[in-house]
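Engineer: My questions will all concern the structure given below.
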Amino acid sequence: MTDTQVTLAGRRIVEVRSMSVRELEAEGWPPDETVPALVLDNGAILFPSRDEEGNGPGALFGATALKQGFRVLAPRHT
């Protein structure tokens, strides 16, 4: 992984899915993990990590404009 400056402002999320086995393996993570991946309109993929060093997959949380918390879940691999 390289630290590349990627502009996210103005991008749209076009798909929410599970990371593929290939993507998980590229990160050095177990292939049976279920990790959400947010695909942007420019092809970039965002996914949560447990820490900034990428030592494992993490969970993605958010809050609505009404300050109601939610989790971003991904479908399980079949």
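Sequential numbering from 88 applies to the sequence shown in the numbering used here. We put the beta carbon where it would ideally sit given N, CA and C, even for glycine. Owing to the predicted nature of the structure, the values given are computational and were not obtained by experimental measurement.
1. Do Glu114 and Gly97 have their beta-carbon atoms positioned less than 7 Å apart in this structure?
2. Can you tell me which of the three DSSP states Leu133 falls into?
3. Helix or strand or just coil, what does DSSP make of Glu140?
4. By how many angstroms is the C-alpha of Pro144 removed from the C-alpha of Ser136?
Structural biologist: Based on what the coordinates show:
1. Taking the first residue of the sequence shown as position 1, residue 97 is located at position 10. Taking the first residue of the sequence shown as position 1, residue 114 is located at position 27. No, Cβ-Cβ distance for Gly97 and Glu114 is not below 7 Å.
2. As a first step, residue 133 is located in the sequence shown; it is residue number 46 there, counting from the start. Of the three classes helix, strand and coil, the one that applies to Leu133 here is strand, per DSSP.
3. Along the sequence shown, read from residue 1 onward, the residue named residue 140 stands at position 53. Here Glu140 sits in coil by DSSP.
4. Residue mapping note: residue 136 aligns to position 49 of the sequence shown, counting from 1. Residue mapping note: residue 144 aligns to position 57 of the sequence shown, counting from 1. If you take the alpha carbons of Ser136 and Pro144, they lie about 4 Å apart.
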